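Protein chains in written order, with the working numbering: chain A, 48 to 334; chain B, 100 to 471.
Following this line, the structure appears as C-alpha cells:
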C-alpha cells in the first residue's frame, strides 16, 4: 500500500484538481442546459407522438410556424446584405465615423430587446412620430408583419457583420487588388475573390443570425400585439399557450424551437470543425 | 513604352510619403527603387499600379496621361510582396485568372487559355504543380506562380514589390539570377522595389535610391556605388567608414592622413569623408601619409575577411575588407600595428552649421596608388 502511494505520479494532486473542476462544469451544464432541454421534449411527448403531431398541425401552430419562417426569410437576407456591406466598408475603406459605425453595429447586442421593440412602437405606433401619417396612407407596421420584420432585423443586425469583420481584416485587401490589376471588374472581384474567401464565415454568421431571428421574443413581443394566427411567431405562440395553461401545446411548439437550436448547434460545430481556420480570423502569413 | 513621372507628391496625414519625385523609365529597362522602409518606394509602385494616387504631379506613358487610366486597364503585371495568390484557386486557375475575367470578345478560348497557362508553367519551371493550391507550395514556388499570373495578361510594365523579401537566402540568389535572365529574354520594362542594396546593384540596369520620400540619386549600379551623390547614398549602399576631415594648412587632414588638394579653395573648413572597407590600404610605406592603426579583430567570413582597425589619432574604429587569402600573405594577426590609408574617398564639405553641402561633393583618389 505504502509502495503504491509512493509510486503516484508527481502531478497527481494537480490532476485531481482538474478532475474536480471538470466535474463541476459538467454538473452545471447538465443541471442548467441538458435537463431543461430534455424536459421540453419529454413534456411535448407526454401524451404520445400522435397527440404531439396533432398539436403541431393545429391551424394556430401552423400559422405561427409559417410566420416565423416568413419573418426570418425577409430579415436574414437583408442582414446578410447589410453585414457584407458593413464589413466591406469597415475593412476596406477609411472614412470619418468609422469607429462610430463599428460601435453602432454592436448596439443591438447591448440594448435590451424590449427597448428596441418599444422604439419601433414609438416611431410607427398609432401615437408615434410617423403613426398618423402611416395611418392616413393605410400602412400598418405595428401589430402587423412589417413590425415583426423590422424588430427582428434590428435584433439580429450584428451577427453577419461581426463574423466577417475580423476575418476580412486579417485577410487584407491584397488579393482584391491583385484581381483588380489583372483586369477584374468590381463584381468579378467580389464574386471570384472576396466571396470565396469569406463564404464559410458568412454561412456561419447567417446560421447564427437565423437562429436568433426565429427565436427572438422580447422585441417581437412588443410590436406583435399577439393576434392569434396573424402576428404570433413561434416564441410568442409558446408564451400564449403557456399562459392559457395549454402546457402540452406550449411544449410542443417549444420543442420545434429546441430542435432548431440543436440543428443550428450541429451545423455550427461541423463548420467550426471543418473550416475553423476560414471562420476565425487567421494570420495572413498562412497563405 | 516610356514612363515619365513628374513632381509627384503624396501625403498620408502628416507623413510625406513622396516629396516632389520625378523619374523617367526607359522602354525595356530594369529599374530598382531602393530605400529603407518608409522611404516612399512602395507608394511610388502603388501609384504606377493604379492602387494609389498622388496628391499632385503627373505620370505619362508615351506622352499620354497615365494616372487617369483605371488600374484594370493599365496593362500592368504586379507581383505583391506576399504574392497575394488567390488561396481558393489552384495554380492553373490563378495564372488563368486575368484571362478569364476578360470580356468575352477579348477572352481567348478555353483551349488557348490552357495552352498559354501551360507555356507559362514551363517558363516558371512549375510543370506538374498546376493543380496544387497556393498553401501547398513553397515560398519560391508561390513567387513564381505570382510572376506567371502577372505575365499571363501580357503586360507592358512589370512591377515587383520586394520580390525576394520573403524568401530564404539561398532561394533568393537563385531566383534573382533567374529573374534577370527572364528579363533579358522578355525585354519587358520592369520596376522593382527593394530595401536590399545588394539585390538592387546586382539585378538592375538603373537604381533609384530613395529616402524620406525623395529620390537621392538615380544611376547605374556602378555610379551609385562609386560616385554616391549624397551622404545617405554612401551610408545606405554597401558598408562605409565615415570620419571628419578638418582644414590643416592649405589642405585637409584627419589624424595622420592628408588627402592632397582642396577643390573648394578654402571655402569650407571641414568635410565628412566616406571610405569603403575595400578601399582601405594596409601596410602603407612610411614615406606616405597614413594612420597608425591597431588590428583589433579579424572576422573571417568565407572568401572575405573583415578587419577591425582602431585608429588612435582620430579615435575611431574603421573596417577594412580584404580577400581571405591575403591574411596570411600579409601576415596579419590580431593585436598588431599597421599603417593604414584610404585609396579613395568621397567627401562632402560641411557648412558652418555642420550640415553637408551635397552639391560640392569631392571624389578623391590617391595620386600614387601603392600596389597592395
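A virtual CB, placed ideally from N, CA and C, is assigned to each residue, including glycine. None of these values were measured; they are calculated from a predicted model.
Just grab the DSSP bridge partners of residue 387(B) for me. Bridge partners of residue 387(B): none, in fact.
Close beta carbons around residue 324(B), own chain, < 8 angstroms, minus the five adjacent residues each side: 300, 336, 337
To which residues of the same chain is residue 257(A) closer than 7 angstroms at the C-beta, ignoring the five residues directly before and after it? 119, 123
Taking only beta-carbon positions, decide if residue 286(A) is within less than 8 angstroms of chain B. no
Distance, Cα to Cα, residue 212(B) vs residue 195(B)? 7 angstroms
For residue 321(A), I'd like the list of residues in its chain whose CB is within less than 6 angstroms of its CB, leaving aside the five on either flank, ordered along the chain. none
Close Cβ partners of residue 159(B) (< 6 angstroms) along its chain, the five nearest in sequence each way excluded: 103, 165
Minimum C-alpha distance to residue 251(A) - residue among 127(A), 102(A), 89(A), 73(A): 127(A)
Counting along the chain, where does the alpha helix (DSSP H) carrying residue 282(B) start and finish? 268–285
Quick test of your reading: residue 313(B) and residue 118(B), contact by CB under 8 angstroms. State the CB separation rounded to the nearest angstrom. 5 angstroms
Using 8 angstroms as the cut-off, can you tell me whether the segment 237–255 of chain B makes contact with the segment 171–181 of chain B, which would need three or more C-beta pairs spanning the two stretches below that distance? yes
Tell me, please, whether the segment 239–248 of chain A touches the segment 260–275 of chain A by the rule of three or more beta-carbon pairs shorter than 8 angstroms. no
Count the other CB atoms, across all protein chains shown, that sit within 10 Å of the CB of residue 356(B); report buried if there are 16 or more and exposed otherwise. buried
Can you check DSSP and say which residues form a bridge with residue 309(B)? 314(B)
Determine the chain B residues that contact residue 230(A) at a beta-carbon separation under 7 angstroms, and present them in chain order. 171, 197, 200, 201, 252
Taking the alpha carbon of residue 204(A) as the point to measure from, which residue in 186(A), 235(A), 228(A), 149(A) has its own alpha carbon closest? 149(A)
Tell me the rounded alpha-carbon separation between residue 294(A) and residue 135(A). 47 angstroms
State yes or no: is the beta carbon of residue 164(A) nearer than 8 angstroms to at least one beta carbon in chain B? no
For a contact meaning CB atoms closer than 7 angstroms, what does residue 227(A) contact in chain B? 170, 171
State the start and end residues of the unbroken alpha helix (DSSP H) segment that holds residue 290(A). 281–290
Just curious, the alpha helix (DSSP H) that residue 142(A) is in, first and last residue? Careful: residue 142(A) lies outside any alpha helix (DSSP H) and carries neither H nor E.
What first and last residue would you give for the alpha helix (DSSP H) that runs through residue 217(B)? 209–222
Going by DSSP, what residues sit across from residue 105(B) in a beta bridge? 157(B)
DSSP three-state label for residue 319(A), please. helix
Using 10 angstroms around the beta-carbon of residue 65(A), count the other beta-carbons present and answer buried if the total reaches 16, otherwise exposed. exposed
Residues from the segment 179–211 of chain A in contact with chain B, defined by Cβ distance under 9 angstroms: none
If we call anything under 8 angstroms between Cβ atoms a contact, is residue 354(B) one with residue 439(B)? no
Same chain, Cβ closer than 7 angstroms to residue 108(A), neighbours up to 5 away in sequence not counted: 102, 284, 300
Along chain B, which residues have their Cβ under 7 angstroms away from the Cβ of residue 141(A)? Per Cβ cutoff of 7 angstroms: no residues; residue 141(A) is ~10 angstroms from chain B at best.
Chain A beta carbons: is any one of them nearer than 8 angstroms to that of residue 191(B)? no
Taking C-beta pairs closer than 7 angstroms, name the residues in chain B that residue 100(A) reaches, listed in chain order. Chain B residues near residue 100(A): none, gap ~44 angstroms exceeds 7 angstroms.
Neighbour list for residue 194(B) in chain A, Cβ cutoff strictly below 7 angstroms: Chain A residues near residue 194(B): none, gap ~10 angstroms exceeds 7 angstroms.
Would residue 118(A) pass as an interface residue toward chain B - the criterion being a Cβ-Cβ separation below 8 angstroms? no
List, in order along the chain, the chain B residues whose C-beta lies closer than 9 angstroms to that of residue 213(A)? By Cβ distance, chain B contributes nothing, its closest Cβ being about 17 angstroms from residue 213(A), past 9 angstroms.
Helix, strand or coil for residue 425(B)? Go by DSSP, reduced to three states. helix
Return the residues of the segment 255–271 of chain A that lie within a Cβ-Cβ distance of less than 8 angstroms from chain B, sorted by chain order. none
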